[in-house]
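K.L.:
Structure in structure tokens, see below.
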Amino acid sequence: MYRYDEFDAQFVRERAEQFRGQVARRLAGELTEDEFKPLRLMNGLYLQLHAYMLRIAIPYGTLSSRQLRKLGYIARKYDRGYGHFTTRQNLQLHWSQLPDVPDMLLELAEVEMHCLQTSGNCVRNITADHFAAAGSDEIEDPRIISEVLRQWSTLHPEFSFLPRKFKIAVSGSAADRAAIMVHDIGIQIVRNDEGEIGYRVYTGGGLGRTPFIGHEVGQFVAKTDILAFIEAIMRVYNESGRRDNIHKARIKILVHQIGPEEMRKRVEREFAEIKASGTLQLPEAELQRIAAYFAPPAFEELPYTSPELDQAKTSDPAFANWLRTNVDAHKVPGYAIATISLKRIGETPGDCSSDQMEALADLMDEFGQPEIRVTHEQNLVLPHMRKRDLYALWLKLDALGLSTANHGLATDIISCPGLDYCDLANARSINIAKEIARRFADLERQHDLGELKIKISGCINACGHHHVGHIGILGVDRKGVENYQILLGGSGAEDASLGEILGPGFDSEGIADAVENVVATYTKLRHSGERLLDTYRRVGAAPFKERLYAR
Amino acid sequence: MMPQVLTANRLSVGEVVYWNAARGWVAHMRDAEILPDDKAEAVLKDAGARGVQERQVVNPYLLDVRVDGSTVVPVKAREAIRAAGPSARRDLGKQAD
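Below you can see the structure in the form of structure tokens.
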């Protein structure tokens with residue numbers, strides 16, 4: 025993992041102390057709320073429905089056991105004993121109290137964490153494929169360039185007052201597990217015909233009020249040029265992005281208005297200038313220095329199969345079910361990637377208790393896992409498990425309520441906090457997610473339906489990524505009553521697409537039935553091997569509408 | 002028009018509170034003062050602004066309620082959730098007190 029140097033550590037501690045002074049001045053009346061609000065937001069502190077909410081940055085979703093243990097401790101000591109992992113791979117604590125926050129920030133600083141740039145019109149936490157350094161299909165660890173970009177973009181004076189927030193995601197393989205096509209900038213690590221590794225760069229993607237799929241602006245950007253290229257995009261945006269209307273201020277609107285071709289030209293022009301100045305070439309030595317922090321653990325030479333695993337698979341069907349969905353191929357023989365679902369039926373998607381966080385940290389140490397990953401789908405991943413340890417791990421996860429075997433299935437639902445917590449929300453999302461999960465809890469049925477991504481947002485801002493759900497659900501306020509629209513055909517993966525709204529929405533009592541009807545239409549029409557997404561793409565919306573709105 | 006209640010969040014802890022002229026800022030909506038529609042704006046400008054000035058609360062605003070006998074029910078789901086706590090976690094918030 026990346027380790028802070030002395031300057032990083034000192035800076036983060038100083039920011040916590042600065043915030044202590046700012047909180048004291050606010051409480052003493054020396055700062056008004058208008059003066060204080062931007063200061064607290066710069067430290068990730070929002071005021072939500074019931075209390076303050078602290079959003080903690082988890083760069084590229086990677087945590088050490090020490091950090092996870094600390095998060096569990098902070099959530100218990102200062103909050104209500106749990107946290108909520110988000111689609112930006114961050115952790116939110118929803119019951120924070122203002123006078124405690126400087127201490128919380130200092131506690132975070134102890135484990136090289138902070139809440140900087142988790143709010144505001146700056147480059148937000150950079151997200152990356154959660155299978156980094158482990159996925160069998162990976163070209164290069166996406167966290168290396170993510171860390172380079174993190175260092176470059178943190179407190180970057182030119183990019184601290186962008187027209188609007190800016191989100192970057194990086195994928196290290198052709199399979200897109202980081203939703204790069206719906207980010208302000210999406211970076212895909214690629215290999216060219218000469219075997220060199222570089223970056224394919226997309227821009228102008230995004231969700232929210234006006235969703236767009238990103239456009240390729242750089243087909244193959246050389247490693248040394250990547251900062252210059254990203255800076256070129258940011259400059260075009262900073263200069264030409266709209267500042268007069270918050271709803272039209274994201275880069276996606278600029279790209280849409282001037283067109284991808286014009287965007288490419290402008291980026292190329294800026295890039296040529298920056299490159300000619302020679303100031304932003306990424307030195308190979310620096311890249312290597314950062315890459316060294318992400319060196320995978322020393323893998324043992326293990327046989328491809330494990331007799332312990334095979335035996336447990338036969339003797340314990342529940343474990344076999346977990347293996348089937350929650351364990352993925354690792355690039356090293358004898359190892360596997362284990363996804364820990366935070367989607368137990370009846371629980372809030374993405375929530376994790378302090379007890380669970382601390383127990384997981386202990387399991388990481390016990391099983392020699394230096395890192396755990398937070399996924400944008402609100403699950404956790406142990407990336408480097410020995411296959412022979414999987415059953416022992418699963419037994420312990422089971423005791424913690426963390427063995428749910430549903431990764432990628434109908435009950436692995438993304439849900440934003442919605443109106444239960446969020447000041448921006450128009451409708452509840454957690455209860456809808458819980459009800460749908462309850463309806464589809466039968467595992468045999470889930471396996472029959474195959475990969476089915478259901479994503480729920482409680483407002484148009486789309487933190488729950490509803491536009492890219494195979495089934496997306498958007499909560500709206502209809503004359504003071506919560507109402508839910510269904511979108512079909514979205515994907516946040518390498519086959520990215522935006523879902524389309526089927527028709528009039530459903531009330532909170534009717535939305536789960538509507539989802540059942542969508543699924544029933546799919547099972548009636550599907551060809552062998554088709555996911556719901558594939559069937560929808562083949563037959564279109566008509567048969568789904570017919571079933572949903574037949575009266 | 003509907004009767005209204007003045008609400009805000011406590012500056013220090015963020016807790017949801019309601020205005021009652023006799024008792025000040027109170028924790029539960031059942032203790033809130035029901036403001037007739039024609040009086041509510043004035044209370045927001047007076048008590049709400051004073052609460053901000055005295056650093057007791059932030060973000061004061063008026064919410065619509067229905068009064069049914071002795072019970073006060075907010076019109077919007079958002080306000081019902083603020084008054085009770087998250088409906089997805091009945092063990093948290095004012096509903097758990």
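One line per chain: the protein sequences are A and B, in this order. Its first residue numbered 25, the first sequence is counted upward by one per residue in this note's numbering. Its first residue numbered 2, the second sequence is counted upward by one per residue in this note's numbering. Don't be surprised by glycine CBs; every beta carbon is placed ideally from N, CA and C.
To test your reading of the DSSP string, which unbroken beta strand (DSSP E) runs of 3 or more residues are found completely within the segment 370-424 of chain A?
P.N.:
For the segment 370-424 of chain A, whole beta strand (DSSP E) runs of length 3 or above, ordered along the chain, are 375-377, 396-398 and 404-410.
K.L.:
Please tell me whether residue 46 (chain B) has its Cβ less than 8 Å away from any Cβ of chain A.
P.N.:
Position 45 of the second sequence, counted from the first residue, corresponds to residue 46 (chain B). Not closer than 8 Å to any Cβ of chain A, the Cβ of residue 46 (chain B) fails to qualify, so no.
K.L.:
From the beta carbon of residue 78 (chain B), is the nearest beta carbon of chain E less than 8 Å away?
P.N.:
Looking at the structure shown, chain E is missing, and the protein chains on hand are A and B.
K.L.:
What residue does the beta strand (DSSP E) around residue 509 (chain A) start on, and which one ends it?
P.N.:
To locate residue 509 (chain A), count along the first sequence from 1; it is residue 485. Per DSSP, the continuous beta strand (DSSP E) segment holding residue 509 (chain A) begins and ends at 505-512.
K.L.:
Run down chain B in chain order and give the residues with a C-beta less than 7 Å from the C-beta of residue 123 (chain A).
P.N.:
Here the question's residue 123 (chain A) lines up with position 99 in the first sequence. By Cβ distance, chain B contributes 13.
K.L.:
For residue 93 (chain B), go through chain A and note every residue whose CB falls closer than 7 Å to its CB, in chain order.
P.N.:
By 1-based counting over the second sequence, the position of residue 93 (chain B) is 92. Neighbours of residue 93 (chain B) on chain A, chain order: 104.
K.L.:
The beta strand (DSSP E) with residue 489 (chain A) in it runs from where to where?
P.N.:
Working through the first sequence from its first residue, we reach residue 489 (chain A) at position 465. Run containing residue 489 (chain A): none; DSSP gives neither H nor E here.
K.L.:
Determine, using beta carbons only, whether residue 445 (chain A) comes closer than 8 Å to chain B.
P.N.:
Position 421 of the first sequence holds residue 445 (chain A). With 8 Å as the cut-off, residue 445 (chain A) counts as an interface residue toward chain B.
K.L.:
Would you say residue 99 (chain B) faces chain A, with C-beta separation under 8 Å as the test?
P.N.:
Because chain B is modelled from 2 through 98, residue 99 (chain B) falls outside the range shown and cannot be assessed.
K.L.:
Based on the DSSP secondary-structure assignment, which residues constitute the bridge partners of residue 149 (chain A)?
P.N.:
Taking the first residue of the first sequence as 1, we reach residue 149 (chain A) at position 125. For residue 149 (chain A), DSSP assigns no beta-bridge partner whatsoever.
K.L.:
Residues in the same chain with beta-carbon distance under 8 Å from residue 204 (chain A), minus the five sequence neighbours each way, listed in chain order, please.
P.N.:
For the purposes of this step, residue 204 (chain A) is taken as the residue at position 180 of the first sequence. These residues qualify, in order along the chain: 193, 194, 195, 210, 211, 212, 226, 229 and 238.
K.L.:
Start and end of the alpha helix (DSSP H) containing residue 32 (chain A)?
P.N.:
Here the question's residue 32 (chain A) lines up with position 8 in the first sequence. Here the alpha helix (DSSP H) through residue 32 (chain A) covers 30-51.
K.L.:
Please report the residue range of the alpha helix (DSSP H) in which residue 293 (chain A) lies.
P.N.:
Locating residue 293 (chain A) in the first sequence gives position 269, counting from the first residue. Its alpha helix (DSSP H) spans residues 284-301.
K.L.:
On the three-pair Cβ rule with 8 Å, is the segment 100-116 of chain A touching the segment 50-66 of chain A?
P.N.:
no
K.L.:
Got a sec: is the Cβ-Cβ distance from residue 86 (chain B) to anything in chain A below 8 Å?
P.N.:
Residue mapping note: residue 86 (chain B) aligns to position 85 of the second sequence, counting from 1. Yes, contact with chain A.
K.L.:
Return the residues of the segment 67-96 of chain A that lie within a Cβ-Cβ distance of less than 9 Å from chain B, sorted by chain order.
P.N.:
Shown in chain order are the members of the segment 67-96 of chain A whose Cβ falls below 9 Å from a Cβ of chain B: 71, 72, 73, 74, 75, 76 and 77.
K.L.:
Using a beta-carbon distance cut-off of less than 9 Å, what residues from the segment 40-56 of chain A approach chain B?
P.N.:
Legend: CB atoms of the segment 40-56 of chain A lying less than 9 Å from CB atoms of chain B belong to residues 50, 51, 52, 53 and 56.
K.L.:
I'd like to check one pair, residue 476 (chain A) with residue 491 (chain A): are the Cβ atoms closer than 8 Å?
P.N.:
The sequence position of residue 491 (chain A) within the first sequence is 467, counting from 1. The sequence position of residue 476 (chain A) within the first sequence is 452, counting from 1. Cβ distance not < 8 Å, so residue 491 (chain A) and residue 476 (chain A) don't count as in contact.
K.L.:
Under 8 Å by Cβ, that's how I've got residue 518 (chain A) and residue 200 (chain A) pegged, so tell me the actual separation to the nearest angstrom.
P.N.:
Position 494 of the first sequence, counting from 1, holds the residue named residue 518 (chain A). Position 176 of the first sequence, counting from 1, holds the residue named residue 200 (chain A). The pair is a contact, with the Cβ atoms about 4 Å apart (cut-off 8 Å).
K.L.:
So which residues of chain B does residue 452 (chain A) contact, with C-beta pairs closer than 8 Å?
P.N.:
By one-based count along the first sequence, residue 452 (chain A) stands at place 428. Residues of chain B passing the Cβ test: 78, 82, 88 and 89.
K.L.:
For residue 60 (chain B) and chain A, any beta-carbon pair shorter than 8 Å?
P.N.:
Here residue 60 (chain B) refers to the residue found at position 59 of the second sequence. Residue 60 (chain B) counts as touching chain A.
K.L.:
Have a look at residue 282 (chain A) and residue 511 (chain A) and give me their C-alpha separation to the nearest angstrom.
P.N.:
As a first step, residue 282 (chain A) must be located in the first sequence, where it is residue number 258. As a first step, residue 511 (chain A) must be located in the first sequence, where it is residue number 487. Straight-line Cα distance between these residues: approximately 28 Å.
K.L.:
Could you please tell me which residues of the segment 516-543 of chain A, in chain order, have their CB closer than 7 Å to any CB of chain B?
P.N.:
none
K.L.:
Please state whether DSSP places residue 527 (chain A) in a helix, a strand or coil.
P.N.:
If you number the first sequence from 1, residue 527 (chain A) lands on position 503. Taken through DSSP and simplified to helix, strand or coil, residue 527 (chain A) comes out as coil.
K.L.:
Looking at the structure shown, is residue 25 (chain B) part of a helix, part of a strand, or coil, going by DSSP?
P.N.:
Position 24 of the second sequence, counted from the first residue, corresponds to residue 25 (chain B). Note: residue 25 (chain B) maps to strand in three-state DSSP.
K.L.:
DSSP three-state call for residue 515 (chain A): helix, strand or coil?
P.N.:
Mapped onto the first sequence, residue 515 (chain A) falls at position 491. DSSP places residue 515 (chain A) in strand when its eight states are reduced to three.
K.L.:
Applying a beta-carbon distance threshold of less than 8 Å, which residues of chain A neighbour residue 17 (chain B)?
P.N.:
Indexing the second sequence from 1 puts residue 17 (chain B) at position 16. What residue 17 (chain B) touches in chain A: 73 and 74.
K.L.:
May I ask you to check if the CB of residue 371 (chain A) is nearer than 7 Å to at least one heavy atom of the ligand FMN?
P.N.:
Summarising the ligand content, the structure contains no ligands, and the ligand FMN is consequently not present.
K.L.:
Can you tell me whether residue 75 (chain B) is buried or exposed? The criterion is at least 16 other CB atoms within 10 Å of its CB, across all chains shown.
P.N.:
In the second sequence, counting from the first residue as 1, residue 75 (chain B) sits at position 74. Classification for residue 75 (chain B): buried.
K.L.:
Against chain B, with Cβ distances strictly below 8 Å, would residue 458 (chain A) count as a contact?
P.N.:
Along the first sequence, one-based indexing puts residue 458 (chain A) at 434. Yes, its Cβ sits closer than 8 Å to a Cβ of chain B.
K.L.:
In angstroms, rounded to a whole number, what distance separates the CA positions of residue 389 (chain A) and residue 28 (chain A)?
P.N.:
Translated into the one-based positions of the first sequence, residue 389 (chain A) becomes position 365. Translated into the one-based positions of the first sequence, residue 28 (chain A) becomes position 4. When rounded, the distance between both Cα atoms is 21 Å.
K.L.:
Closer than 7 Å between beta carbons: that is the criterion. Which residues of the segment 491-506 of chain A meet it against chain B?
P.N.:
504 and 506
K.L.:
Hey, does residue 455 (chain A) have any beta-carbon neighbour from chain B nearer than 8 Å?
P.N.:
Start at 1 with the first residue of the first sequence, and residue 455 (chain A) comes out as number 431. Yes, residue 455 (chain A) counts as interfacial toward chain B.
K.L.:
Between the beta-carbon of residue 151 (chain A) and the beta-carbon of residue 91 (chain A), is there less than 8 Å?
P.N.:
Against the first sequence, residue 151 (chain A) aligns to sequence position 127. Against the first sequence, residue 91 (chain A) aligns to sequence position 67. The answer is no: Cβ separation not under 8 Å.
K.L.:
Can you find a C-beta in chain B that's less than 8 Å from the C-beta of residue 363 (chain A)?
P.N.:
Translated into the one-based positions of the first sequence, residue 363 (chain A) becomes position 339. No, residue 363 (chain A) lies away from the interface with chain B (no Cβ there is under 8 Å from its Cβ).
K.L.:
Pull up the CB-CB distance for residue 576 (chain A) and residue 365 (chain A), whole angstroms please, since I reckon it's below 8 Å.
P.N.:
In the structure displayed, chain A extends from 25 to 575; residue 576 (chain A) sits before or after that span and is not available.
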